[in-house]
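Heads up, the thing below is written out as structure tokens.
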Amino acid sequence: MNKIAVIGKVFVDIKGTSFAPLHKDAKNVGDITFSNGGTGRNVAQNLAVLGNDVRFISTVTNDQIGVGVLEELKSYGANVDHVEMLDDNGMGMWLAVMDNEGDLQTSISKQPDAKLLEEAILRQSVYALDGVDAVAIDLDLSVTVLERLIHLCRKMELPLFGVCGHLSVIERNRHLLQGFTGFICSREEAEILSDLSIVTVQDALHVANELAKKGAPFTVVTMSELGAVYVDRRSATSGHIGTKKVKVVDSTGAGDSFFSAVLSELTDAKKAEDALTLGMKVAAEVIASTENGLVPEMLETIR
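Here is the structure:
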């Protein structure tokens, strides 16, 4: 069983999905749901459901909602001993508006207390990273915290994989990617980071290679209906994995699910092609559901 530490934020997601095409100047009738989310939390859930020994490092608010987040993660098999409970603002809230086809149209994000979260992450990482096989981190943290975690992983010789919860920090500090073993991003994020456009699969391979030259040697770019590409400069290999078209119910969490499956397979010494193939299957299952991530009931279909 792979032992993977996951570092990132917890959010409570409030999703409103319109029954008809959205109109900004009218009241849109639809459905509203509450669920636990956040890139770090989503990755921890996905990896645990995939059978990994997960240690989650984060904070939650010390109330019924925060307790509920931890209980849900524990029910999936994740270790939450390294999640600290704060009196206030221990986690964020994300208000999302989806159209009638399940695509995100706009959102408002309330962030957790960054200072207290990052102090907790640095405090817990000293102990939580001991004995793990790999580390996954949400890149939406301060430069200071990312630099310290990169240094710690180098010192402990741990593979470090980054996922974009939000692009702003890495966009302004692209050099940080040089400290990562692997980096997975979307087509839109890759275009911003490379200052290049992606239309075709060949474009994506070129951009992934350019990003890998300047950042993580293993770089993946996802392209929705066109699948995903990877470049691994360590082995001088690259490739493209296609995907099947699925009906979108809710696209939230699909990228986190893809990342988790790829990391799970790579940590298990699987080939990159196999890792991306599983990632596509997992993402497709999540997109076709109302879940933020993988749940045990989906495993039979995926495997």
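Per the working numbering, numbering of the sequence shown is gapless, rising by one per residue and ending at 395. All residues carry an ideal CB built from backbone N, CA and C; glycine is no exception. In this text the structure is predicted, and so the values were computed from the model without any measurement.
Inclusion of N144 and N94 in the CB contact set at 8 Å is warranted, their separation being smaller than that value. K119 has its alpha-carbon roughly 45 Å from the corresponding atom of I96.
Cβ neighbours of G130 within its own chain (closer than 6 Å, five residues either side excluded): K101, V102, F103.
In this structure, the beta-carbon distance from A212 to T151 falls below 8 Å. As computed with DSSP, D145 is found in a beta bridge with K95. By alpha-carbon distance to K116, the top candidate from A361, K166, Q197 is Q197.
Contact fails between the segment 182–198 and the segment 162–172, because fewer than three Cβ pairs, one in each stretch, are under 8 Å apart. Note on geometry: alpha-carbon atoms of M390 and E377 lie some 7 Å from one another. The straight-line gap separating the alpha-carbon atoms of L288 and L355 is approximately 26 Å. Note that the C-beta distance between A300 and V312 is below 8 Å. By the CB criterion at 8 Å, S330 and Y322 fall inside the cutoff. Secondary structure within the segment 259–302: the alpha helix (DSSP H) runs of 4 or more consecutive residues, fully enclosed, are 260–264, 279–286 (chain order). The beta carbons of F350 and G307 sit about 19 Å from each other, so the pair does not count as a contact at 8 Å. Considering only D195, E283, T292, A320, the residue with the shortest C-alpha distance to E302 is E283. Distance from the CA atom of R326 to the CA atom of P309, rounded to whole angstroms, is 6 Å.
Per DSSP, G184 lies in no alpha helix (DSSP H) segment; the continuous beta strand (DSSP E) that holds it begins and ends at 184–190. The way I'd put it, the segment 334–342 doesn't touch the segment 355–367; fewer than three beta-carbon pairs between them come closer than 8 Å. By the criterion of a C-beta distance shorter than 8 Å, N154 is surrounded in its chain by M177, L178, D179, G182, once the five residues flanking it on both sides are discounted. For the pair D295 and D324, the Cα-to-Cα distance works out to about 16 Å. According to the DSSP assignment, F253 belongs to no alpha helix (DSSP H) but to the beta strand (DSSP E) extending over 252–255.
In this structure, I106 lies near I124, with their beta-carbon atoms less than 8 Å apart. A distance below 8 Å between beta-carbons, with the five flanking residues on each side excluded, links V224 to the following residues of its chain, in chain order: K95, I96, A97, R147, L250. Its chain contains T131, N134, V135 as the residues whose beta carbon lies nearer than 6 Å to that of D348, once the 5 sequence neighbours on both sides are disregarded; these appear in chain order.
Less than 8 Å divides the Cβ of S110 from the Cβ of N192.
The Cβ atoms of L214 and V235 lie no closer than 8 Å to each other. In summary, I200 is exposed, with fewer than 16 beta-carbon neighbours lying within 10 Å of its beta-carbon over all protein chains present.
A Cβ-Cβ contact shorter than 8 Å links S343 with I379. In this structure, I149 places its C-beta atom within 8 Å of the C-beta atom of A220. Assignment of N384 by DSSP, reduced to helix, strand and coil, places it in the coil class.
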